[in-house]
Each structure stands twice: as structure tokens, then as C-alpha cells.
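Student: Read top to bottom, the protein sequences are chains B and Y. Sequential numbering of the first sequence, starting at 1, is according to the UniProt record's numbering. Sequential numbering of the second sequence, starting at 1, is according to the UniProt record's numbering. So that we are looking at the same thing, I have put the structure below in C-alpha cells.
There are 2 protein chains.
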Amino acid sequence: MNETQSSDGGLAPRRGGKPAEGQPVIDRAFALLGAFDSDHRALSLAELAQRSGIPRSSALRLARSLVHVGALERLDDGRYVVGLRLLETASLAPRGHGLRSVAMPYMEDLFHVTRQHVLLAVRDQHEALLIERLSALDASPVAYRVGGRLPLTSTGVGLVLLAFAPVAVQDHAIGAFEPGQGPDGIGTAADLRRMLAEVRRGDHAFGRQSHPWPLNTVAAPVRDGQEVVAALSVVAPSTGFAEAGYGPAVRATARAISRELEEDGRRAARPGHA
Amino acid sequence: MNETQSSDGGLAPRRGGKPAEGQPVIDRAFALLGAFDSDHRALSLAELAQRSGIPRSSALRLARSLVHVGALERLDDGRYVVGLRLLETASLAPRGHGLRSVAMPYMEDLFHVTRQHVLLAVRDQHEALLIERLSALDASPVAYRVGGRLPLTSTGVGLVLLAFAPVAVQDHAIGAFEPGQGPDGIGTAADLRRMLAEVRRGDHAFGRQSHPWPLNTVAAPVRDGQEVVAALSVVAPSTGFAEAGYGPAVRATARAISRELEEDGRRAARPGHA
DNA sequence: ATGAGTGATTCCGATGAATGAAACACAGAG
DNA sequence: CTCTGTGTTTCATTCATCGGAATCACTCAT
């Protein structure tokens, strides 16, 4: 490691750089893309380099490649933003827009009836990823953003996804649970475990949280065959939250989406396609 | 080439491969991602290699890297699909979900009122890219898919985007126009040019097409400041198409979105943010 | 003007990551 | 059994990648 072996006299300017470590180009490229978040949608080269931990000259070269393929776009002021090309290919993700496209019309109807936030989320590893959110103009503000991640141990959709996740995932979540993270009524890991069992038994989850704002939520699982692939929920301010009304609506909608998914699957599986 | 120059005795197996050409890794990686389309959402390694024109072993290595960062996911049967990671970062594209998030509530209302397809599209080079589509369960089928591309010279949104595009883009489209591509009433390049002028003057576009199904459409521009950044439209079956009703609704909604965009811009521009 | 400061860009030698033909393993079909 | 088609591993070769330093571009305070 020590470059002392430049031997006598640093005649050679030691120009050549050494790739920090066996770090594939793809990793670094996506590290660049990972530098963007909801609070930093436009980044200068310097920010890009700093936030991704990549030397400036390398960051520039990579960013140019990404612009070339359309993954990034360059603004007039020189800053970079995420490009449309990503949206284009991302829309082909079966668990993302694929799921979304069949769920959307039903979510529309649910939204039409409730006029409250309607959420659709899937599980990715130990987090939930918000696929779609419908909100009214005059709706109460919520923190959850489409494309954003949220914890499994709180939020209705999270609890549903966790309840039907592989045991390993559940254990991980229960083990890592720290009191205070969960919604109201879940103080300890034991509470969480009990809650998950309850969710499985009733096939839906109620959630109450008072932390940022007082919000109530009902969530239900969306299935493709036997497997739970997503969770649907309605989130509404506690004031005037009609559990009795939203609960059945959410569960019915979730089942409708599940049925449609299964039909689509059957239709796609049978005949030779392509 | 003839490999006769193996000279005397093929002792050396000639293993080493030569990088086809000065082709950055990023380009190849996105060539892999580009192998997916709406008819091929799951691809085997062989398909992936063939469709992207990359040797199998290289495709495998790249695909693994992409799986590692979450851009691809691997199904149980070994096939690859687009992963959630892409959706996550793609949701940060200002011209994509950024625009979408402010437009959505208004689109919801428009959809609520009309119960017809509501489309939001932006221009990317010489094509339009569909950012969002709201459709009813019982709606007439349309070919346009979220994340998909559609020509500028047909479809209401396309005409609006083209009408307000830089002159170079317009000339390119008019030059490349071939009779028969456009909607009903546009037969020649001259017709197209005249239509674009009319769109600019009236600040909206009507479209009639009978090709796949008889569809009518009204589209209006969405502006951020002076610049047209997107187009909004309602698409409905010709039967019972109430132009008089949809037209104003679409235009009013487009203006509402524009106003909101401008306010957001002002809000974001003024105070120092991060 | 002058200089200081910031950020984007170019240069370029050294080097190791990327490359792909070939070999291998396995599966199903004929 | 052979044969065709998979996915996978190996490995000698080499060219694309790497990043420190120099350069350019631009702003702002003096």
C-alpha cells in the first residue's frame, strides 16, 4: 500500500491512479444515482462527487456516460438530475408499474369513494417501497412519497407486508425493533409479534399513530395466487375516521386486485407468448 | 477473419478476448436494460444477450452486477426482470414523478369529472413519453402505456408538445412526416404545419382518429413559467364525445397545474435550500 | 483591475478490471 | 445415446478506467 517504493527521487509525477478497490463500474455508477434523494433532486458535480464518495474527475466521466444513455440529464446551470430514461425502463418492473397498472383502476375507485389517501406498497428486503399514492388536493399532508421507502414496523402497509413476509424477515424486524418506533399500542417486541399474528388472522391491519399528525390507517394484503405481493391501505386523519366504513372497502378492493392479478397470471402463463 | 495465422501448431488456445470496441461499460449495461420492453418483461440470459448484442459471458457478468445494485432482479426460474431500485431512483426525475406529483391531484379531479382516460406526457427529443395515465375499469382500451413512448405527430398530447417545441424539433418532425401517420384530417406535411399553428393559437389541440378504435382527444399545454413542460389530455371514444364539455375542463386543469408548478418554483427558488 | 476562491474540465501514465472464446455442466428432446 | 440449447466458470490478453494534478471558467470581494 505505501507508495514509498517510488524509490529515490520522485521524478515520476506518480500520475497513474489506482482504482480504489475492486469496485465494479456499475456499482460506482449506481452510487452516483444513489446520491439523489427527495431533498436533492438536482446536484452539481461537486455535490455528486462528495455524496457518492467518488473523486471528481471520475464522477465527471461516469456522469457523462450516464447522461449519454439518458439516465441523467444536465440542466442549463450544469447541475445533474435524474433522466427520463430511467423512468422508461423502471416502468417495466413487474413488481412496480406492472403491479401498479392492474391495481390503479381499483385504487381509483377506492379513492373516489373515500377521498382519502390510498397507498400501494411492496416489500423490498427489510423495508416497504411505496409504489403508488393517490391523494386529494385538500388532503392532509403525509410524509410518504411515491418511490420512497418506509419501515415495516409501522404504517399499516408495513405491518401487513411484514406479517406475511418470510419468517426470517419477521425475526429480523422483531429483533431490531426498538420501543417507540411502532404505531400507538405497540411498545415492545412482544407487542409487535402479537400484532403480526393478529394481522394474519384478520387479514388486515389497523394502525393509529399520533406522532407527526393524528392519522389512522387500514391496510389489507394483495395476493397473486397464495403469495402476498403488496399491501393496500387508506390513510386518513383521525378526526372522523370511519373505521367501519373504510375497513371493508379496503379489504374488498384488495381482494378485487388480487383476483385480477390471478386472472392476468393465468392468461399470461397458458398460451405461448413471444 | 481467418484464424489461419495460428501459425505452426495451435499451442496457444487463443483464449484472450478483445473488448469489441471502445464501448464504455455503462453503455453496455444500459443496453442490457434496454433489452426489456413491454412485451418482454422477463428475459433469460440467452435472450438478454441476444437482444442486447452482448456475448453471453459478458452479459452474465453485467447482469450480475445489475442484480447486485438492484437494477435487475432474478426470478426463481433464472430469468431476469427489472428491479425496484430503478423505480426508486426514477421517481426522483423532476420531469417525471416530480411533475407527476404536483399534477396528480388535479388529474384526479379531471378524471373524477370525466371518467375518461386522462393522460400526462412530456417530450423527450423527438418523441413523447407518457408520464401518467388514469383510466376507469370500464374504459375503452388504449394502446398507450405509462413509461411508453408515442409519436409527436399524432395523439393530442404529441401535437401540443410538438407545437411548442423548438423550431428544430418541429422541422424535423415535419420533414420526417409521412402521410397517413397523423390523425384524421392531417394528410400532408402542410396540413401538419397548419395544425401546429392552430394549436399554438388556440392553446389546445383536438384530435380525431379512427384507426384502431374511433377515439377523440383534447389536449392542452402545461407550463412552468413561460416554457411548456408537458401536455395534458382527455381521450374518449367518439361516441358521445362532448367536446364542448371536455375541452374547457382539460384547459382549465392544465392551467391549474401550471399555476401550481410556478408557485412551487417560486417557493423553491427563493430561500436557500441546503 | 487584481486576487482569491470555487467549481468544472482536461491531461495522461499506470494498471487492473473488463473482455469473450473456449471448456464445462446440466437438461430436455429426438 | 447424441444433439441442441441452456447457464456457468475459466483465463490470457489488453484496453478502458482510474484519479492526482494542472488548467480553464466564472464569481465575488477588495
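Heads up, the beta-carbon is just placed ideally off N, CA and C, and yes, glycines get one too.
Identify the residues that DSSP records as bridge partners of SER233 (chain Y): which are they?
Tutor: Y:LEU119 and Y:ALA219
Student: How far does the beta strand (DSSP E) with GLY53 (chain Y) in it extend, from its first residue to its last?
Tutor: Element bounds for GLY53 (chain Y): n/a, residue is neither H nor E.
Student: Can you pull the DSSP bridge partners for TYR80 (chain Y)?
Tutor: Answer is Y:LEU43 and Y:ARG74.
Student: Step through the CB atoms of chain B and report whether any lies within less than 8 Å of the CB of GLY245 (chain Y).
Tutor: The C-beta of GLY245 (chain Y) comes no closer than 8 Å to any C-beta of chain B.
Student: Relative to the alpha-carbon of ALA197 (chain Y), which residue among Y:VAL218, Y:LEU159 and Y:GLU178 has its alpha-carbon at the smallest distance?
Tutor: Y:LEU159
Student: Quick check: is any heavy atom of the ligand FMN less than 7 Å from the C-beta of SER65 (chain B)?
Tutor: Inclusion of the ligand FMN in the displayed structure is not the case, the ligand content being empty and no account of it being possible.
Student: Give me the subset of the stretch 142-160 of chain Y whose CB atoms are less than 9 Å from a CB atom of chain B, sorted by chain position.
Tutor: ARG145, VAL146, GLY147, GLY148 and ARG149
Student: Check the Cβ of VAL81 (chain Y) against every Cβ in chain B and list those closer than 9 Å, keeping chain order.
Tutor: Chain B residues near VAL81 (chain Y): LEU92, ALA93, PRO94, ARG95 and GLY98.
Student: Please look up how many angstroms separate the CB atoms of GLN181 (chain B) and THR153 (chain B), rounded, as I've assumed it's under 8 Å.
Tutor: 5 Å
Student: Is the CB-CB distance between TYR144 (chain Y) and LEU119 (chain Y) below 8 Å?
Tutor: yes
Student: Is the beta carbon of LEU32 (chain B) closer than 8 Å to that of SER57 (chain B)?
Tutor: Going by C-beta atoms, SER57 (chain B) is not nearer than 8 Å to LEU32 (chain B).
Student: Would you please verify whether the beta carbon of PHE164 (chain B) is less than 8 Å from any beta carbon of chain Y?
Tutor: With 8 Å as the cut-off, PHE164 (chain B) does not count as an interface residue toward chain Y.
Student: Going by the CB atoms, is the gap between GLU127 (chain Y) and ARG149 (chain Y) shorter than 8 Å?
Tutor: yes
Student: I want to verify the contact list: residues of chain Y whose CB lies under 9 Å from the CB of ARG41 (chain B), in sequence order.
Tutor: LEU92, ALA93, PRO94 and GLY98
Student: Taking contact to mean at least 3 C-beta pairs separated by less than 8 Å, is the stretch 244-255 of chain Y in contact with the stretch 214-224 of chain Y?
Tutor: yes
Student: What is the DSSP secondary structure of GLU227 (chain Y), counted as helix, strand or coil?
Tutor: strand
Student: Output yes if chain B places a C-beta closer than 8 Å to the C-beta of ASP27 (chain Y); else output no.
Tutor: Output row for ASP27 (chain Y): interface = yes.
Student: Could you name the residues of chain B that ALA103 (chain Y) contacts, counting a contact when the two beta carbons are closer than 8 Å?
Tutor: What ALA103 (chain Y) touches in chain B, judged by beta-carbon distance under 8 Å, is nothing: the nearest beta carbon there is about 11 Å away.
Student: Could you say which of B:MET195, B:LEU92 and B:PRO105 lies nearest to SER135 (chain Y) if we only look at CA atoms?
Tutor: B:PRO105
Student: With ILE174 (chain Y) as the anchor, note down where its alpha helix (DSSP H) starts and where it stops.
Tutor: 167-175
Student: How many angstroms separate the CA atom of VAL25 (chain B) from the CA atom of ALA103 (chain Y)?
Tutor: 36 Å
Student: Here's a check: name, in chain order, each residue in its chain whose Cβ is nearer than 7 Å to the Cβ of MET195 (chain Y), leaving out the five neighbours to either side.
Tutor: LEU159 and ILE186
Student: Roughly how far, in whole angstroms, is the beta-carbon of LEU161 (chain B) from the beta-carbon of ALA173 (chain B), given that I think they are within contact range, below 8 Å?
Tutor: The Cβ separation is near 10 Å, so there is no contact.
Student: Measuring alpha carbon to alpha carbon, tell me which of B:ARG28, B:GLU132, B:ALA42 and B:GLY207 ends up nearest LEU84 (chain Y).
Tutor: B:GLU132
Student: If we count the other Cβ atoms within 10 Å of its Cβ and call it buried at 16 or more, is ALA254 (chain B) buried or exposed?
Tutor: buried
Student: Roughly how many whole angstroms lie between the Cα atoms of SER44 (chain B) and ALA59 (chain B)?
Tutor: 11 Å
Student: Quick one: does THR89 (chain B) have its CB under 8 Å from some CB of chain Y?
Tutor: yes
Student: Just the Cα atoms here: how many angstroms apart are VAL114 (chain Y) and VAL69 (chain Y)?
Tutor: Contrary to the premise, residue 114 (chain Y) reads as Thr rather than Val in this sequence. Each residue's Cα considered, the two are about 42 Å apart.
Student: Is the CB of GLN5 (chain Y) under 8 Å away from at least one CB in chain B?
Tutor: Low per-residue confidence applies at GLN5 (chain Y): pLDDT is 38, beneath 50, and the placement is therefore not dependable enough to give any value.
Student: Which stretch, first to last residue, makes up the beta strand (DSSP E) that contains ILE131 (chain Y)?
Tutor: Looking at the DSSP string, the run of the beta strand (DSSP E) that includes ILE131 (chain Y) is 127-134.
Student: Give the single residue among Y:LEU87, Y:GLY78 and Y:ARG41 whose Cα lies nearest to the Cα of PHE30 (chain B).
Tutor: Y:LEU87
Student: For a cutoff of 8 Å on Cβ pairs, would you count ARG270 (chain Y) as touching chain B?
Tutor: At ARG270 (chain Y), the pLDDT of 47 sits below 50, so the modelled position is not reliable; the number obtained from the coordinates is stated separately. No, ARG270 (chain Y) lies away from the interface with chain B (no Cβ there is under 8 Å from its Cβ).
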